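In my numbering, the protein residues as written are -15 to 110. Take a look at the structure below.
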Amino acid sequence: MMQITEIDDPRLVKGLAHPLRIQILRVLENRVASPSEIAEEIGAPLGNVSYHVRFLARVGLIELTSTKPRRGAVEHYYRAIGRVRVADKAWAQVPDMVKSSLISATLDQVGRAIGVAASNGGFERS
């Protein structure tokens, strides 16, 4: 499958509006992980995470990197394909409610990162 570097379809942008999909992409942009590892890290039910991981793989934003047998099942490991840019034309066609959801999810992630940095003394270093 060809790597996606720019989203020019407003339907795909709308599909990415789910906050869980944004959290999954954030985890996978830094490392390889399975849905069960992602679910544990973000505190979401495994079934929900698996569903959204399949969507992200189907649209080409993440890819399967390996599989490992685990307790009678096969665990799948994924990674993000890379950073994706939303085309201006696609963004302009996305409903305001979806834009608001995407921006809210992104700001939530930023807030969490700031909280972690603050609790680890990240703002007290010289």
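Cβ atoms here follow ideal geometry from the backbone N, Cα and C, with glycine treated the same way. Source: prediction; values computed, not measured.
For the beta strand (DSSP E) holding Ile46, just list the boundary residues, first then last.
That run of the beta strand (DSSP E) goes 46 to 54.
Quick one: what does DSSP say Pro28 is sitting in, helix, strand or coil?
The sequence shown places Ala at residue 28, rather than the Pro named in the question. Ala28 falls in the coil class under three-state DSSP.
State the Cα-Cα distance for the pair Val33 and Ile8, rounded to the nearest angstrom.
Spanning the two alpha carbons is a distance of roughly 8 Å.
Between which two residues does the beta strand (DSSP E) holding Val58 run?
57 to 64 is the span of the beta strand (DSSP E), which, as asked, contains Val58.
For Pro19, which of Arg69, Gln77, Glu47 has the nearest alpha-carbon?
Nearest option by C-alpha distance: Glu47.
Can you tell me which of the three DSSP states Val70 falls into?
Strand.
Give the DSSP bridge partners of Ala1, in chain order.
Looking at the DSSP assignment, Ala1 forms no beta bridge with any residue, so it has no partner.
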